[in-house]
Amino acid sequence: MKSSNPQVMVQAYRLLIRQMEDEFGICYPLHLGVTEAGDGEDGRIKSAIGIGTLLEDGIGDTIRVSLTEDPEFEIPVCKDLVKRYTRRDDAGSLTPHANGGPKNSAVHPIGAPTAEIPPIGHIPYSPFEYRRRVSRTLPGIGGQHVPVVMADFMQAGHIERGDLRAIGYSYDAGSDKWNIGDAAADFIYTGKKAIGFDLPGTLRPVCDHSAWLELDDQEKYIPLYQGTEYDRAGERSDTLNFIALDAADDESADLAESLKDDATIVLCIYTTHPIAMLSVRRLVMELFVRDVRCPIILAVESKDASIDEQLIHFSTEAGALLLDGMGDGVWLMNDPKKIVNTRVSGRTYLETKNNHQFLNNTSFSILQATRTRISRTEYISCPSCGRTLFDLQETTAKIRAVTHHLKGVKIAIMGCIVNGPGEMADADFGYVGSGPGKITLYRGKEVVKRGVDSAIAVEELILLLKDSGAWIDPVASPLVQAD
Ligand code: SF4
């Protein structure tokens with residue numbers, strides 16, 4: 069079973085199991101992989117979302133992470149993926165946090181969490197097709213809005229204009245305007261702090277309710293409440309109120325149901341349960357059943373020691389829910405002081421100057437890989453093998469360098485004409501090796517140019533993109549006046 073699209077891959081395996089059980093009453097062991105996942109952060113994230121979602125479901129007996137990189141870079145990613153389930157077995161009775169949850173997190177439990185995830189008799193959505201959960205449309209979130217990204221600045225001592233560069237906003241002092249990138253966060257959580265300068269209009273600050281009460285310009289900020297704190301709050305926002313809910317708490321579903329007619333509420337769902345994704349998915353299923361349509365932000369915290377493990381953790385736990393249509397946004401959080409390395413191992417493409425940038429990149433990459441929010445070019449490339457007759461890694465990097473600004477365009481770079489065309493079925497354009505020093509170019513499934521000399525094939529690909537109306541010249545992002 070192969071697909072380069074994690075969503076197709078996950079649904080195909082689930083359907084295969086259903087079919088095997090219907091036809092034979094048994095299920096053969098299954099090998100999992102996202103084929104032609106590409107390289108760099110994207111290749112790892114796509115693999116983790118596809119493989120990790122199925123492993124979370126209890127599906128899969130062997131795995132392979134297929135990267136367009138040297139093979140030794142694949143094994144550590146595999147190990148990080150399966151390690152999560154070794155720990156899960158070791159967890160035994162799965163005792164949740166005895167002290168009531170993460171101390172560095174913006175979200176805290178509202179009661180004693182339960183260890184057991186309650187069974188559900190009927191799954192209230194189809195795990196075999198993508199359909200986004202219906203949510204209420206609120207300002208900038210929910211309904212038809214693309215899933216949002218929340219940047220977590222709770223632990224920052226103070227926030228300067230220059231800090232926002234890591235989350236997609238560059239300030240131009242000369243014009244007093246903001247330059248906004250394609251991967252610019254939508255909300256910024258500040259904890260108890262206010263921001264001492266005007267933000268661009270596309271970035272909304274969220275702060276703790278206690279801090280919000282002290283603000284002179286309350287209308288610019290969104291208050292965040294911890295669970296039942298909302299009920300007790302005398303003063304609230306008229307437009308948007310964010311409520312943090314612990315999926316491991318028995319009372320969270322009742323609380324959400326009691327607020328379902330309140331058209332100002334966004335639920336920020338986290339969990340203190342050790343089996344995090346299943347715990348959150350169980351609560352969201354309960355919200356389906358109770359017809360609670362408040363938008364949901366998936367708040368995922370990683371305590372893993374390395375940035376590589378964190379990448380797998382975030383991709384699996386947020387990605388699995390997004391693939392099932394759950395979530396109107398993501399809010400990734402960690403404690404940078406506890407991370408041993410600052411860059412993802414192997415080939416990397418995304419600038420990672422600090423932890424905020426890592427979390428922002430990862431959020432947008434997860435949304436891209438789940439096809440829920442497209443912010444950049446998508447690459448599909450094979451790992452190469454004995455059939456590859458050109459330097460695939462070098463060519464992939466070269467093509468990325470000249471096409472990375474083509475937001476939404478899917479480009480395949482495949483080593484051979486034998487398997488390449490079939491496995492790049494999802495791509496808009498294909499660059500496929502067809503003999504020593506020769507390349508065939510595709511538009512979708514149609515061959516456009518055969519036997520192109522590899523010395524000029526990248527330029528020919530650009531010409532094809534231009535002829536097809538898919539090319540734009542790289543330009544600086546527009547400048548936007550501060551609010
Ligand atoms: S060269 Fe061909 S067979 Fe080999 S990995 Fe790439 S697409 Fe698959």
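In our numbering, the protein residues as written are 69 to 551.
The C-beta atom is built at its ideal place from N, Cα and C for all residues, glycine as well.
Fair warning: this is a prediction, and the values are worked out from it, not measured in the lab.
- With a threshold of 16 other beta carbon atoms within 10 Å, THR471 meets it and is buried.
- Take THR420, set aside five residues on each side of it, and the residues of its chain with a beta-carbon closer than 6 Å to its own are ARG411 and PHE426, in chain order.
- Taking 7 Å as the cut-off, the C-beta of PRO451 counts as close to a heavy atom of ligand 1.
- The Cβ-Cβ distance between THR136 and LEU435 does not fall below 8 Å.
- With a threshold of 16 other beta carbon atoms within 10 Å, MET482 meets it and is buried.
- Taken through DSSP and simplified to helix, strand or coil, GLY397 comes out as strand.
- When DSSP states are grouped into helix, strand and coil, PRO504 belongs to the coil group.
- Counting other Cβ atoms within 10 Å of its Cβ, SER194 stays below 16 and is therefore classed as exposed.
- Going by DSSP, ALA480 is part of no alpha helix (DSSP H) but of the beta strand (DSSP E) stretching over 478-482.
- PRO186 sits exposed, since fewer than 16 C-beta atoms from the chains shown fall within 10 Å of its C-beta.
- Per DSSP, SER383 is one residue of the alpha helix (DSSP H) stretching across 375-391.
- Taken atom to atom, the span from the alpha-carbon of ARG201 to that of ARG361 is near 8 Å.
- C-alpha of ALA324 to C-alpha of ILE256: approximately 23 Å in a straight line.
- Distances taken from the Cβ of ARG455 to the heavy atoms of ligand 1 include one shorter than 7 Å.
- Straight across, the Cα-Cα distance linking MET88 with PHE265 is about 60 Å.
- Under the rule that a run must span 3 or more residues, the beta strand (DSSP E) segments found entirely inside the segment 325-352 read 333-338.
- Within the DSSP secondary-structure output, LEU206 pairs in a beta bridge with ILE209.
- Here the C-alpha atom of HIS226 lies approximately 31 Å from the C-alpha atom of ALA344.
- Residue side-chain check: GLU491 places its Cβ nearer than 7 Å to a non-hydrogen atom of ligand 1.
- At least one heavy atom of ligand 1 lies less than 7 Å from the C-beta of VAL486.
- Of the heavy atoms belonging to ligand 1, none sits nearer than 7 Å to the Cβ of GLY120.
- The continuous beta strand (DSSP E) containing GLN294 extends over residues 290-294.
- With a cut-off of 7 Å, the C-beta of GLY519 is classified as distant from ligand 1, since no heavy atom of the ligand falls inside that distance.
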